[in-house]
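Positions in the sequence shown are counted from 1; adding 37 to them yields my numbering. Where is the CB? At the ideal position from N, CA and C, for every residue including glycine.
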Amino acid sequence: MTPRIMFVDDEQSVLRSLQRNLAIDFDVTVAHSAAEAQTLLGGPGKFDVIVTDVMMPGFNGLDFIEVTAPRFPETNFIVLTGTSDGATCERAESMPAVFRVLNKPCSRDQIVAAINDSVAQLARL
(Lines of atoms letter the chains of each structure in order from A; the text may use other names.)
(Lines give C-alpha, C1' and ligand atoms only; values in the text may rest on other atoms or scores of the structure.)
Protein backbone atom coordinates (compact mmCIF):
# COMPACT_ATOMS: atom_id res chain seq x y z
CA MET A 38 0.00 0.00 0.00
CA THR A 39 1.32 3.44 -0.93
CA PRO A 40 2.11 5.56 2.15
CA ARG A 41 -0.20 8.54 2.57
CA ILE A 42 1.73 11.74 3.25
CA MET A 43 0.61 15.30 4.00
CA PHE A 44 2.88 18.29 3.45
CA VAL A 45 2.06 21.49 5.33
CA ASP A 46 3.81 24.67 4.21
CA ASP A 47 2.70 28.23 3.50
CA GLU A 48 5.02 28.51 0.48
CA GLN A 49 3.05 27.34 -2.55
CA SER A 50 6.17 26.85 -4.66
CA VAL A 51 7.56 24.46 -2.05
CA LEU A 52 4.32 22.48 -1.98
CA ARG A 53 4.12 22.28 -5.77
CA SER A 54 7.69 21.04 -5.95
CA LEU A 55 7.16 18.44 -3.22
CA GLN A 56 3.94 17.22 -4.77
CA ARG A 57 5.44 16.97 -8.24
CA ASN A 58 8.63 15.25 -7.08
CA LEU A 59 7.15 12.84 -4.55
CA ALA A 60 3.80 11.80 -6.04
CA ILE A 61 5.56 8.96 -7.85
CA ASP A 62 6.48 7.35 -4.50
CA PHE A 63 3.67 8.43 -2.18
CA ASP A 64 0.00 9.39 -2.01
CA VAL A 65 0.62 13.12 -1.47
CA THR A 66 -1.79 15.70 -0.04
CA VAL A 67 -0.78 19.32 0.49
CA ALA A 68 -2.05 21.97 2.89
CA HIS A 69 -1.14 25.65 2.68
CA SER A 70 -1.58 26.24 6.41
CA ALA A 71 -1.99 24.42 9.70
CA ALA A 72 -5.68 25.35 9.66
CA GLU A 73 -6.15 23.75 6.23
CA ALA A 74 -4.27 20.67 7.44
CA GLN A 75 -6.63 20.38 10.42
CA THR A 76 -9.58 20.44 8.02
CA LEU A 77 -8.03 17.76 5.80
CA LEU A 78 -7.33 15.59 8.83
CA GLY A 79 -11.07 15.55 9.52
CA GLY A 80 -11.66 13.75 6.23
CA PRO A 81 -11.63 10.03 5.49
CA GLY A 82 -8.54 7.91 5.90
CA LYS A 83 -5.40 8.53 7.89
CA PHE A 84 -2.01 9.92 7.06
CA ASP A 85 1.08 7.86 7.76
CA VAL A 86 3.39 10.87 7.90
CA ILE A 87 2.84 14.62 8.10
CA VAL A 88 5.74 16.79 6.97
CA THR A 89 5.38 20.34 8.24
CA ASP A 90 7.27 23.58 7.98
CA VAL A 91 7.91 25.39 11.26
CA MET A 92 7.50 29.04 10.33
CA MET A 93 3.99 29.66 9.05
CA PRO A 94 1.70 32.61 9.68
CA GLY A 95 -0.94 32.24 12.34
CA PHE A 96 -0.22 28.77 13.63
CA ASN A 97 3.35 27.50 13.44
CA GLY A 98 4.28 23.92 12.66
CA LEU A 99 5.34 22.97 16.18
CA ASP A 100 2.08 24.25 17.68
CA PHE A 101 0.26 22.33 14.94
CA ILE A 102 2.05 19.14 16.00
CA GLU A 103 1.25 19.70 19.69
CA VAL A 104 -2.46 20.01 18.89
CA THR A 105 -2.60 17.29 16.24
CA ALA A 106 -0.35 14.48 17.49
CA PRO A 107 -2.56 13.42 20.43
CA ARG A 108 -5.49 12.93 18.01
CA PHE A 109 -3.41 10.86 15.58
CA PRO A 110 -1.00 8.70 17.59
CA GLU A 111 -0.31 6.41 14.61
CA THR A 112 1.03 9.30 12.52
CA ASN A 113 4.66 10.41 12.57
CA PHE A 114 5.71 13.99 11.95
CA ILE A 115 8.73 15.26 10.10
CA VAL A 116 9.70 18.87 10.64
CA LEU A 117 11.24 21.02 7.91
CA THR A 118 12.95 24.10 9.25
CA GLY A 119 14.75 26.93 7.58
CA THR A 120 15.73 28.49 10.88
CA SER A 121 19.01 28.03 12.67
CA ASP A 122 17.38 28.91 16.00
CA GLY A 123 18.63 26.27 18.42
CA ALA A 124 15.61 26.57 20.70
CA THR A 125 13.23 25.80 17.84
CA CYS A 126 15.23 22.74 16.78
CA GLU A 127 15.50 21.53 20.38
CA ARG A 128 11.76 21.93 20.87
CA ALA A 129 11.03 19.96 17.69
CA GLU A 130 13.47 17.19 18.59
CA SER A 131 11.98 16.86 22.08
CA MET A 132 8.46 16.23 20.79
CA PRO A 133 7.60 12.49 20.94
CA ALA A 134 5.58 12.58 17.70
CA VAL A 135 8.46 14.11 15.72
CA PHE A 136 10.32 11.37 13.89
CA ARG A 137 12.96 13.60 12.30
CA VAL A 138 13.94 17.25 11.84
CA LEU A 139 15.31 18.26 8.43
CA ASN A 140 16.96 21.57 7.64
CA LYS A 141 15.90 23.48 4.54
CA PRO A 142 16.96 23.27 1.88
CA CYS A 143 17.03 19.50 1.76
CA SER A 144 17.19 17.15 -1.16
CA ARG A 145 14.46 14.91 -2.51
CA ASP A 146 16.55 11.93 -1.39
CA GLN A 147 16.71 13.23 2.19
CA ILE A 148 12.93 13.73 2.32
CA VAL A 149 12.21 10.33 0.74
CA ALA A 150 14.62 8.60 3.15
CA ALA A 151 13.04 10.30 6.16
CA ILE A 152 9.53 9.35 5.03
CA ASN A 153 10.53 5.75 4.25
CA ASP A 154 12.30 5.41 7.63
CA SER A 155 9.24 6.82 9.36
CA VAL A 156 6.86 4.46 7.56
CA ALA A 157 9.13 1.51 8.40
CA GLN A 158 9.09 2.50 12.06
CA LEU A 159 5.29 2.69 12.04
CA ALA A 160 5.10 -0.77 10.47
CA ARG A 161 7.15 -2.20 13.36
CA LEU A 162 4.79 -0.79 16.00
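Cβ atoms of residue j and residue i: under 7 Å apart, would you say?
{"i": "GLY98", "j": "THR89", "result": "yes"}
{"i": "ASP85", "j": "PRO40", "result": "yes"}
In three-state DSSP terms, what is residue i?
{"i": "THR89", "result": "strand"}
{"i": "ALA68", "result": "strand"}
{"i": "ASN97", "result": "coil"}
How would you write the range of the beta strand (DSSP E) that residue i sits in, first residue to last?
{"i": "LEU117", "result": "113-118"}
{"i": "LEU162", "result": "Careful: LEU162 lies outside any beta strand (DSSP E) and carries neither H nor E."}
{"i": "ASN58", "result": "Counting along the chain, ASN58 falls outside any beta strand (DSSP E), though it belongs to the alpha helix (DSSP H) covering 49-59."}
Specify, as a first and last residue, the run of the alpha helix (DSSP H) that residue i falls within.
{"i": "ILE42", "result": "It is not in any alpha helix (DSSP H) - ILE42 instead sits in the beta strand (DSSP E) that spans 41-45."}
inquiry  = Whether or not the region 120-138 and the region 69-82 are in contact is what I'm after, with contact meaning three or more pairs of Cβ atoms, one per stretch, closer than 8 Å; do they touch?
reply    = No, the region 69-82 is not in contact with the region 120-138.
inquiry  = Taking 8 Å as the cut-off, does the region 143-156 touch the region 53-63 (at least 3 CB pairs, one atom from each stretch)?
reply    = By the Cβ criterion, the region 53-63 is in contact with the region 143-156, since at least three pairs of Cβ atoms, one from each stretch, lie closer than 8 Å.
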